[in-house]
Amino acid sequence: PIIARVFSGIQPTGVPHLGNYLGALENWVALQNEYPSVLYSIVDLHSITQPQNPDKLRNNILDMAASLLACGINPEKAILFQQSQVSEHAEFCWILGCLTSMPRLRHLPQWKMKSKQKNEGSVGLYIYPVLQASDILLYKSTHVPVGEDQVQHLELAQDLARIFNLHYGELFPEPQALLSSTRKVKSLRDPSSKMSKSDSQAMATIFITDSPDDIALKIRRAITDFTSEVTFDPQARPGVSNLVTIHAAVARLSVEEAVSAAKGLDTGAYKGLVSEAVIQRLAPIRDEIQRLKADPAHLEALLALGNRRARELAVPMLDEVRHRVGF
Ligand code: ADP
Ligand code: NA
Numbered sequence: 003p004i005i006a007r008v009f010s011g012i013q014p015t016g017v018p019h020l021g022n023y024l025g026a027l028e029n030w031v032a033l034q035n036e037y038p039s040v041l042y043s044i045v046d047l048h049s050i051t052q053p054q055n056p057d058k059l060r061n062n063i064l065d066m067a068a069s070l071l072a073c074g075i076n077p078e079k080a081i082l083f084q085q086s087q088v089s090e091h092a093e094f095c096w097i098l099g100c101l102t103s104m105p106r107l108r109h110l111p112q113w114k115m116k117s118k119q120k121n122e123g124s125v126g127l128y129i130y131p132v133l134q135a136s137d138i139l140l141y142k143s144t145h146v147p148v149g150e151d152q153v154q155h156l157e158l159a160q161d162l163a164r165i166f167n168l169h170y171g172e173l174f175p176e177p178q179a180l181l182s183s184t185r186k187v188k189s190l191r192d193p194s195s196k197m198s199k200s201d202s203q204a205m206a207t208i209f210i211t212d213s214p215d216d217i218a219l220k221i222r223r224a225i226t227d228f229t230s231e232v233t234f235d236p237q238a239r240p241g242v243s244n245l246v247t248i249h250a251a252v253a254r255l256s257v258e259e260a261v262s263a264a265k266g267l268d269t270g271a272y273k274g275l276v277s278e279a280v281i282q283r284l285a286p287i288r289d290e291i292q293r294l295k296a297d298p299a300h301l302e303a304l305l306a307l308g309n310r311r312a313r314e315l316a317v318p319m320l321d322e323v324r325h326r327v328g329f
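Letter by letter, the sequence shown follows residues 3 to 329 in my numbering.
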């Protein structure tokens, strides 16, 4: 019998920003209540595909663990673990890599984009989507919350499930995408692009640990336009519409409700309202991150427990895979 199981991963690239929280993590919290089995992984193996610093990585892993817990990931409902501590991910990646053709990977968008940026990419970056497939299939996951940018990678995981089953006998369900229905949060400085941690512009990105003053300042400086009334029209008025999107999401309103709350306010006054809503929503998360970070031993113990529970699933699974392959 196939159990409905959710798997998702996030790279330990530092504290998440408001877009990550509203576009992904909020949904992760909801899913842990809806599915009988849920795994969330801090995918540190993925984060060494690009140049990296070991001390920074170690710190980022703990920051991400604290952030996920503070956002509401509950270790009693979801297995929260560190990918590199379950070595079966890497071993299974090798086996799946032997079932993957080079051209299948060459055309995937992230490889094209990132290898071009660096002029030359590593083998690790090239096979990154195979490692993602390994992450997902290792737990016979059935549902994978992803952003649209990850759909093609999930398709590779689906193909590899099929190819493995064909070669070695039915074993893996084909994992389905759970696309987030949340609108993308845009950069505060350039609302034509999404809010991103790698944005080099100051004031463009709100991090979930930003202080109330920082949040208020960033929103006050957000690009809008010369119309003072607040309306929602992402095409013609991307800046103001982004504020409405953010307001609606953090205050759990519909877009219509957010616009009607702005009635009679000019964009300047509306920015004050949006700031208050963001500050209110992030304040408890920020406090909780600080509390968790003050006790790294406790945080490490929580991760160790998650790692152990993940291994309990991964070890027998990979034994079966090895047996099928002929080892
Ligand atoms: P970044 O672009 O900051 O590097 P990632 O690509 O690591 O973020 O994304 C991690 C998760 O957060 C993904 O599920 C992605 O879809 C979601 N996400 C990232 N940026 C945004 C955004 N601006 N709005 C909504 N969701 C986002
Ligand atoms: Na990204």
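By construction, the Cβ of each residue, glycine as well, lies at the ideal position given by its N, Cα and C atoms. Keep in mind the model is a prediction, meaning the values are calculated, not measured.
From Leu98 to Asn35, what does the alpha carbon distance come to, in whole angstroms? As a first step, residue 98 must be located in the sequence shown, where it is residue number 96. As a first step, residue 35 must be located in the sequence shown, where it is residue number 33. About 31 Å.
Nearest-angstrom Cα distance between Leu59 and Pro240? Taking the sequence shown and counting its residues from 1, the one referred to as residue 59 is at position 57. Taking the sequence shown and counting its residues from 1, the one referred to as residue 240 is at position 238. Distance between the alpha carbons of Leu59 and Pro240 is about 35 Å.
What does DSSP give as the partner residue(s) for Phe83 in the beta ladder? As a working mapping, residue 83 is identified with position 81 in the sequence shown. DSSP lists Ser43 as partners of Phe83.
Among Pro214, Arg191, Ser213, the one whose alpha carbon lies nearest that of Thr207: The residue given as residue 207 occupies position 205 in the sequence shown. Nearest of Pro214, Arg191, Ser213 to Thr207, Cα basis: Arg191.
Suppose you measure from the CA of Ala179 to the CA of His109; what does that come to, to the nearest Å? Indexing the sequence shown from 1 puts residue 179 at position 177. Indexing the sequence shown from 1 puts residue 109 at position 107. The straight-line gap from Cα to Cα measures roughly 20 Å.
Which word fits Asn62, buried or exposed, when buried means at least 16 other C-beta atoms lie within 10 angstroms of its C-beta? In the sequence shown, counting from the first residue as 1, residue 62 sits at position 60. Looking at its Cβ environment, which holds 16 or more other Cβ atoms inside 10 Å, Asn62 is buried.
Ala68 vs Ile210 beta-carbon contact at 8 Å: By 1-based counting over the sequence shown, the position of residue 68 is 66. By 1-based counting over the sequence shown, the position of residue 210 is 208. No, the Cβ-Cβ distance between Ala68 and Ile210 is not below 8 Å.
Any heavy atom of the ligand ADP inside 7 Å of the beta-carbon of Asn22? Here the question's residue 22 lines up with position 20 in the sequence shown. The answer is yes for Asn22.
Could you check if Ala271 is buried or exposed, using at least 16 other CB atoms within 10 Å of its CB as the buried criterion? Numbered from 1 along the sequence shown, position 269 holds the residue referred to as residue 271. Exposed, by the Cβ-count rule.
Buried or exposed (CB count within 10 angstroms, at least 16 for buried), Thr233: Numbered from its first residue, the sequence shown carries residue 233 at position 231. Thr233 comes out exposed.
I'd like to know if the stretch 218 to 226 and the stretch 41 to 53 are in contact, where contact means that at least 3 CB-CB pairs between them fall below 8 Å. no
Pairwise C-alpha distance: Thr229 and Met104: Counting from 1 along the sequence shown, the entry for residue 104 is found at position 102. Counting from 1 along the sequence shown, the entry for residue 229 is found at position 227. Going from the Cα of Met104 to the Cα of Thr229 covers about 52 Å.
Assign Glu231 to one of three DSSP states: helix, strand, or coil. For the purposes of this step, residue 231 is identified with residue 229 of the sequence shown, where counting begins at 1. Looking at Glu231 - three-state DSSP - the assignment turns out to be strand.
Is it a yes or a no for the stretch 137 to 146 touching the stretch 163 to 176, going by three-plus beta-carbon pairs under 8 Å? yes
If you run the structure through DSSP and keep just helix, strand and coil, what is Pro175? By 1-based counting over the sequence shown, the position of residue 175 is 173. In the structure shown, Pro175 sits in coil (DSSP, three-state: anything other than H, G, I, E or B).
If I follow the unbroken alpha helix (DSSP H) through Ile248, where does it start and stop? By one-based count along the sequence shown, residue 248 stands at place 246. Start and end: 240 to 252.
So, are the CB atoms of Pro147 and Ala26 less than 8 Å apart? Along the sequence shown, one-based indexing puts residue 147 at 145. Along the sequence shown, one-based indexing puts residue 26 at 24. Against a cut-off of 8 Å, the Cβ pair of Ala26 and Pro147 comes out as a contact.
Tell me, please, which residues DSSP counts as bridged to Leu181. By one-based count along the sequence shown, residue 181 stands at place 179. Answer is Val148, bridged to Leu181.
Considering only heavy atoms of the ligand ADP, does any lie closer than 7 Å to the CB of Lys220? Taking the first residue of the sequence shown as 1, we reach residue 220 at position 218. No, since every heavy atom of the ligand ADP falls outside the 7 Å radius drawn around the Cβ of Lys220.
Continuous beta strand (DSSP E) stretch holding Gly266: start and end: The residue labelled residue 266 in the question sits at position 264 within the sequence shown. No beta strand (DSSP E) holds Gly266; DSSP gives it neither H nor E.
With a threshold of 7 Å, establish whether the CB of Met197 neighbours any heavy atom of the ligand ADP. To locate residue 197, count along the sequence shown from 1; it is residue 195. Met197: yes, Cβ under 7 Å from the ligand ADP.
Compare the Cα-Cα distances from Asn55 to each of Pro193, Gly16, Arg185, Ala285 and report the closest residue. Counting from 1 along the sequence shown, the entry for residue 55 is found at position 53. The shortest C-alpha separation from Asn55 is found at Gly16.
Cross-strand partners of Lys188 (DSSP beta bridge): Position 186 of the sequence shown, counted from the first residue, corresponds to residue 188. Bridge partners of Lys188: Lys196.
With distances taken from CA atoms, which of Gly123, Ile50, Glu90, His19 is nearest Leu315? Numbered from 1 along the sequence shown, position 313 holds the residue referred to as residue 315. Out of Gly123, Ile50, Glu90, His19, Glu90 has the C-alpha closest to the C-alpha of Leu315.
Hey, is Thr184 close to the ligand ADP, as in C-beta under 7 Å from one of its heavy atoms? Looking up residue 184 in the sequence shown gives position 182. Checking the Cβ of Thr184 against the ligand ADP gives yes.
Is the beta carbon of Ile4 less than 8 Å from the beta carbon of Val31? Position 2 of the sequence shown, counted from the start, is the residue given in the question as residue 4. Position 29 of the sequence shown, counted from the start, is the residue given in the question as residue 31. Against a cut-off of 8 Å, the Cβ pair of Val31 and Ile4 comes out as no contact.
Could you check whether the Cβ of Gln13 sits closer than 7 Å to any heavy atom belonging to the ligand ADP? On the sequence shown, residue 13 is found 11 positions in, with the first residue counted as 1. Indeed, a heavy atom of the ligand ADP lies less than 7 Å from the Cβ.
Would you tell me roughly how many angstroms separate the C-alpha atoms of Asn167 and Gly328, rounded to the nearest one? By 1-based counting over the sequence shown, the position of residue 167 is 165. By 1-based counting over the sequence shown, the position of residue 328 is 326. Between Asn167 and Gly328, the C-alpha separation is close to 14 Å.
Can you tell me which of the three DSSP states His300 falls into? Taking the sequence shown and counting its residues from 1, one reaches residue 300 at position 298. Looking at His300 - three-state DSSP - the assignment turns out to be helix.
Coarse secondary structure for Arg108, derived from DSSP in three states: The residue given as residue 108 occupies position 106 in the sequence shown. Helix at Arg108.
Is it true that the CB of Pro131 sits closer than 8 Å to the CB of His169? Against the sequence shown, residue 169 aligns to sequence position 167. Against the sequence shown, residue 131 aligns to sequence position 129. It is not a contact, given that the beta carbons lie outside the stated cut-off.
Going by the C-beta, is Leu145 closer than 7 Å to any heavy atom of the ligand ADP? Counting from 1 along the sequence shown, the entry for residue 145 is found at position 143. Correcting the residue type first, residue 145 is His in the shown sequence and not Leu. No, Cβ of His145 sits at least 7 Å from all heavy atoms of the ligand ADP.
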